[in-house]
C-alpha cells in the first residue's frame, strides 16, 4: 500500500505542484465535526472555484447532495485516482483515529446536514464510513433520493453481516473498475 500511496503522492505533486492531501471538515456520528482526509483529485483551491464552475455549467444542485458530472476542476491524475477509489485510502487514518468506520454513510458537510430533514438526521446515529451501501449500489447514479433511501436502509438494518457484504462488494467493484480501465 505505501509504495502505491507514494507513487500517487508523487503523481499529484508532479501534476500541478499543489498539496497531495485534501482535508475538509465533515459531520460524523452524533453531529460531531471532524477532518476527513483524501488524496487531492482536483485543482488547488477547487472549493473557491465552485461558483465559477456552476455559473459556466449551470447549477446542477438539485438537492442537498450533488456531484458535478465531468467536473473541470478534476485533474488528470485525480480522474485516475477516483476511478479506482484510491483517493479514499487516506481515510484509513480516520478509521484508525475513530472518526470513521470502514462501512457507513458517507460523512456529510455541515452545510448538507443543515438541510437534512428529521428522517435523514438518523444517519448521524452511526459512524460515517469509507464505503457504504450508497457507494456500492448507486455510485453511478448519485441522486439524492438514492442517497437518502440507501443511507436510511443502512442505519435501520445495520449488522456485522451487512458490513462484511458491503466490504466484499466494494472490493469487487474496485477490482472490476480497475480491470475495465486496463482494457
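Numbering (the working numbering), first residue to last: 5 to 187. The beta carbon of each residue, even a glycine, is placed where N, CA and C say it ideally should be. Keep in mind the model is a prediction, meaning the values are calculated, not measured.
Among the options, the one whose alpha carbon lies nearest that of residue i
| i | options | result |
| --- | --- | --- |
| residue 158 | 100, 183, 83, 110 | 110 |
| residue 119 | 88, 95, 8, 152 | 152 |
| residue 9 | 25, 33, 19 | 25 |
| residue 28 | 20, 21, 134, 41 | 41 |
| residue 133 | 30, 17, 18, 12 | 30 |
| residue 121 | 39, 32, 156 | 156 |
| residue 88 | 166, 127, 131, 139 | 139 |
| residue 48 | 18, 95, 77 | 77 |
| residue 22 | 39, 32, 50 | 50 |
| residue 33 | 18, 86, 104 | 104 |
| residue 98 | 183, 131, 75 | 131 |
Residue span of the alpha helix (DSSP H) that contains residue i, given as start and end
| i | result |
| --- | --- |
| residue 85 | 80-88 |
| residue 152 | 148-161 |
| residue 18 | 6-20 |
| residue 130 | That residue, residue 130, is in no alpha helix (DSSP H); it is neither H nor E in DSSP. |
| residue 124 | Counting along the chain, residue 124 falls outside any alpha helix (DSSP H), and DSSP gives it neither H nor E. |
Between the CA atoms of residue j and residue i - distance to the nearest angstrom
| i | j | result |
| --- | --- | --- |
| residue 129 | residue 35 | 8 Å |
| residue 92 | residue 7 | 16 Å |
| residue 175 | residue 100 | 19 Å |
| residue 141 | residue 154 | 8 Å |
| residue 127 | residue 117 | 10 Å |
| residue 14 | residue 46 | 15 Å |
| residue 20 | residue 149 | 36 Å |
| residue 75 | residue 167 | 31 Å |
| residue 115 | residue 169 | 31 Å |
6 Å Cβ shell around residue i - same chain, five flanking residues per side excluded
| i | result |
| --- | --- |
| residue 65 | Only weak support is given to the placement of residue 65: the predicted model assigns it a pLDDT of 49, under 50, and the value that follows is read from those uncertain coordinates. The answer is none, since no qualifying residue turns up. |
| residue 86 | 45 |
Sequence-distant residues of the same chain with beta carbon closer than 7 Å to residue i, five excluded per side
| i | result |
| --- | --- |
| residue 147 | none |
| residue 178 | 88, 89 |
Host beta strand (DSSP E) of residue i (start-end)
| i | result |
| --- | --- |
| residue 268 | There is simply no residue 268 to check, as the chain begins at 5 and stops at 187 in what is shown. |
| residue 115 | First-last for residue 115: 114-117, but that is the alpha helix (DSSP H), not the beta strand (DSSP E). |
| residue 100 | Residue 100 -> not in any beta strand (DSSP E); alpha helix (DSSP H) instead, spanning 95-100. |
| residue 31 | 25-31 |
Neighbourhood of residue i by C-beta distance below 8 Å, restricted to the same chain and skipping five residues each side
| i | result |
| --- | --- |
| residue 171 | 106, 107, 135 |
| residue 95 | 40, 41, 42, 104, 134 |
Is it a yes or a no for the stretch 96-109 touching the stretch 76-86, going by three-plus beta-carbon pairs under 8 Å?
Flag = no, the stretch 96-109 and the stretch 76-86 do not touch.
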